[in-house]
Amino acid sequence: AEEIQAHLDARMPLWKRDRPGVAEMTVAVMGCVVNGPGESRAANIGISLPGTGEQPRAPVYADGEKVATLDGPTLAGDFLAMVEEYVERPYAPAAVS
C-alpha cells in the first residue's frame, strides 16, 4: 500500500498538469477481505490486497468491474502499471496551445 501511495503522490502533479480531470480520480488500495472488494469496486480503479498470512492474490476493479486478479510478489508493481494504463484512457492529454 505504501509503494502504491508513493507512486501516486509522485505522478499526480504531472498528471494534473497534463490530464484534465485526473485530480478527481479515486484509487482504492484496500487490505481487508471483507470490505476491500466493495470499496475497490466503488473507486475508479482499486485493488483489494491480501492480509497477513494470505496468499499473494489481489482482485483489481476498474469502473466497478473486476478486470484482473494479480498474483505473486510483483502484484504492487503490476497494479501500478494498470493504474498508468487506466489514466491513459479516460483522462486525455490537455491540448497544447
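One gets our numbering by counting positions in the sequence shown from 1 and adding 127 to each.
Where a beta carbon is used, it is the ideal one built from N, C-alpha and C, also for glycine.
Taking just the CA atoms, how far does residue j sit from residue i?
| i | j | result |
| --- | --- | --- |
| G148 | L202 | 27 Å |
| E129 | A222 | 33 Å |
| E151 | M139 | 11 Å |
| L135 | R146 | 14 Å |
Where does the unbroken alpha helix (DSSP H) through residue i begin, and where does it stop?
| i | result |
| --- | --- |
| D205 | L202 to E215 |
| A133 | E129 to D145 |
Indicate the three-state DSSP secondary structure (helix, strand or coil) for residue i in the structure shown.
| i | result |
| --- | --- |
| R168 | helix |
Applying the criterion that 16 or more other CB atoms from any shown protein chain within 10 Å of the CB defines a buried residue, is residue i buried or exposed?
| i | result |
| --- | --- |
| A189 | buried |
| N171 | buried |
| A185 | buried |
So residue i is in the beta strand (DSSP E); what residue range does that whole segment cover?
| i | result |
| --- | --- |
| M157 | V154 to M157 |
| P186 | R184 to A189 |
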